[in-house]
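Asks: Starting off with a structure, shown below.
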Amino acid sequence: MLKVEHLNKAFGGLKACHEVNYDMRAGDLSAIIGPNGAGKSTFFNLLTGYHRVDSGQVLYKNRDITNWPPHRIARLGIARAFQVSNIYPALTTYENVRQAILTQQKRALNFFTPAKWLVKEETLELLEITGLSEHAHVISGNLSQGDKKRLELAIALGCKPELLFLDEPTAGMSGEETHETMDLVERLNQEMGLTILFTEHDMSVVFGYARRLTVLHQGAIIAQGTPEEVRENETAQKIYLGEEA
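To convert, take the position in the sequence shown, counting from 1, and add 762; that gives the working numbering.
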């Protein structure tokens, strides 16, 4: 589904992404891990059009999407939930999700247009899926951190993705919120067939949910494989897992 070949990106003299080769198959639930500054968010930005690639290719379903703008990439069925909340804090939870659906369907926000009613059922369904129904009419800026993260996920789902990128989906959550959110992510993968790639610092989450891991260090891949294979990798142990796992 997704194939990355010899991807490079530098900021000044800093190599944020160096000769990265990566691929995902449809139905994967995979994680990218590594120390702070390893290049995880940069990698996501390159895949989703928020940074320009210096060299290399990003292929989606055998189509070259290298350096496409984010809105064009989104139309292909690729969505992303950001590490830093990307919601509209003055809108309600319901309105945030509805806006995402309307944007995806290229329908104008207008009280008198039929589109508003056509998306109501879809909006309510996404709120139900993400466990936000009881917060539908809460101003999103007043939500807890965990609920804001779930709202980010609902907004991403409103784009009807086939491939979903989640940048630290459990950041700032309590232990209970973390596992509720990752159980949801797992259901989206298994029951809805979404292909999902996430970054995460919590190793209990990484080894508990991801079926394939990639370890980045200084912009380069140092280990890749199943959780068991990565856990036993000496380089990954020395650089990252020895401290985190």
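Every residue, glycine too, gets a C-beta built ideally from N, C-alpha and C.
Let me know if residue 874 comes out buried or exposed under the rule of 16 or more other beta-carbons within 10 Å of its beta-carbon.
Replies: Any reading at residue 874 is ruled out, since the residue's pLDDT is 49, under 50, leaving its predicted position unreliable.
Asks: On the criterion of 16 or more Cβ atoms from any shown chain inside 10 Å, does residue 826 qualify as buried, or is it exposed?
Replies: That one is exposed.
Asks: Which two residues bound the contiguous alpha helix (DSSP H) that contains residue 944?
Replies: Residue 944 -> alpha helix (DSSP H) spans 937–953.
Asks: Rounded to whole angstroms, what's the CA-CA distance from residue 840 to residue 942? Just pull it up for me.
Replies: Using only the alpha carbons, I get a separation of about 24 Å.
Asks: Is the beta carbon of residue 771 less than 8 Å from the beta carbon of residue 804?
Replies: Result yes, Cβ atoms of residue 771 and residue 804 sit closer than 8 Å.
Asks: At which residues does the alpha helix (DSSP H) containing residue 993 begin and terminate?
Replies: Counting along the chain, the alpha helix (DSSP H) containing residue 993 begins and ends at 989–993.
Asks: Is residue 976 near residue 929, with beta carbons less than 8 Å apart?
Replies: Contact flag unset, no.
Asks: Buried or exposed: residue 949, going by 16 or more other Cβ atoms within 10 Å of its Cβ?
Replies: Counting Cβ neighbours within 10 Å, residue 949 comes out exposed, since fewer than 16 surround it.
Asks: Does DSSP classify residue 968 as helix, strand or coil?
Replies: The answer is helix: DSSP assigns residue 968 an H, G or I state.
Asks: Taking only the alpha-carbon atoms, compute the straight-line gap between residue 889 and residue 882 and give it to the nearest angstrom.
Replies: Looking at the two C-alpha atoms, the distance is approximately 11 Å.
Asks: At which residue ranges does the stretch 799–861 contain complete alpha helix (DSSP H) runs of 4 or more residues, listed in the order of the chain?
Replies: Fully enclosed alpha helix (DSSP H) runs of 4 or longer: 802–809, 832–837.
Asks: Looking at the unbroken alpha helix (DSSP H) that takes in residue 912, where does it start and where does it end?
Replies: Its alpha helix (DSSP H) spans residues 907–919.
Asks: Do you know how far the Cα of residue 792 is from the Cα of residue 993?
Replies: Looking at the two C-alpha atoms, the distance is approximately 15 Å.
Asks: How would you call residue 904, buried or exposed, if buried means at least 16 neighbouring beta carbons within 10 angstroms?
Replies: Classification for residue 904: exposed.
Asks: Starting from the Cα of residue 818, find the closest Cα among 913, 959, 921, 781 and give me that residue.
Replies: It is 781.
Asks: Strictly by DSSP, which residues pair up with residue 985?
Replies: According to DSSP, which records beta bridges pairwise, residue 985 is partnered with 977.
Asks: Pull up the distance between the alpha-carbon of residue 938 and that of residue 967, whole angstroms please.
Replies: Each residue's Cα considered, the two are about 12 Å apart.
Asks: Whose CA, out of 854, 795, 794, 790, lies closest to the CA of residue 956?
Replies: Nearest C-alpha to residue 956: 790.
Asks: DSSP on residue 898, reduced to helix/strand/coil?
Replies: In the structure shown, residue 898 sits in coil (DSSP, three-state: anything other than H, G, I, E or B).
Asks: Just the Cα atoms here: how many angstroms apart are residue 807 and residue 946?
Replies: Roughly 24 Å separates the two Cα atoms.
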